[in-house]
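Residue numbers (UniProt numbering): 1 to 212.
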């Protein structure tokens, strides 16, 4: 059972999210309302996924995300925020968030996001990944060429960065699911990364985009 921690400074929202996730079979092992307690409790409970708000009583969820993912590299943070501003999304991703979902998402979308985050996927609300990548291109922050990757590996990386699952990538590129997974694993090894969330951050930082 996936262990979930919820960090939000609004008690009613925090309790509602805990109730919804619990009803769907998740083990809500902890909750917190501010940065200090979030870090302390995460270290004590070691959740698989931290659902993180950005606006906390004593600071930013970005700070809590950075501290938690630094101390617990295996923990994954899914930001759940009312803000869809690109600066907020970018700051969260750069500081260790595996994904970013806006609070207007449906319960089914939230459930899927939590599940896929636990599985190691990088999840964004519709349009947010493209928004970030587009902003990097606009600013000219395209970075260096991706080192030592084949054209197919680069193509798969771009689709991973947009939040597509291996099954969706396989369908789009007319490949088998196993072939896509092999490309992902080869790319992780070549770039010396550990999971899909790190692949997404790498792609964003290097301005990679996926073909339509």
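For each residue, glycine too, the CB sits at the ideal point set by N, CA and C.
Checking 8 Å against the spacing of the C-beta atoms, do residue 33 and residue 9 come in under that value?
yes
For residue 125, which of helix, strand or coil comes out of DSSP?
Coil at residue 125, not helix or strand.
Where does the unbroken beta strand (DSSP E) through residue 54 begin, and where does it stop?
Residue 54 -> no beta strand (DSSP E), and no H or E assigned at all.
Please state whether the Cβ-Cβ distance between residue 4 and residue 49 is less than 8 Å.
Yes, they are a contact pair.
What is the rounded straight-line gap between the Cα of residue 89 and the Cα of residue 113?
16 Å
Taking 7 Å as the line, does the beta carbon of residue 195 fall inside it for any heavy atom of the ligand MN?
The ligand MN is absent from the structure shown, which contains no ligand whatsoever.
Tell me the DSSP secondary structure of residue 142 in three-state form.
Note that residue 142 scores a pLDDT of 45, beneath 50, so its modelled location is shaky and nothing firm can be said.
Give the secondary structure of residue 100 by DSSP, where H, G and I count as helix, E and B as strand, and everything else as coil.
Under the three-state reduction of DSSP output, residue 100 falls in the strand class.
Alpha carbons only, please: which of 99, 111, 107 and 103 is nearest the one belonging to residue 214?
The question about residue 214 has no answer here: the residues shown for the chain are numbered 1 through 212.
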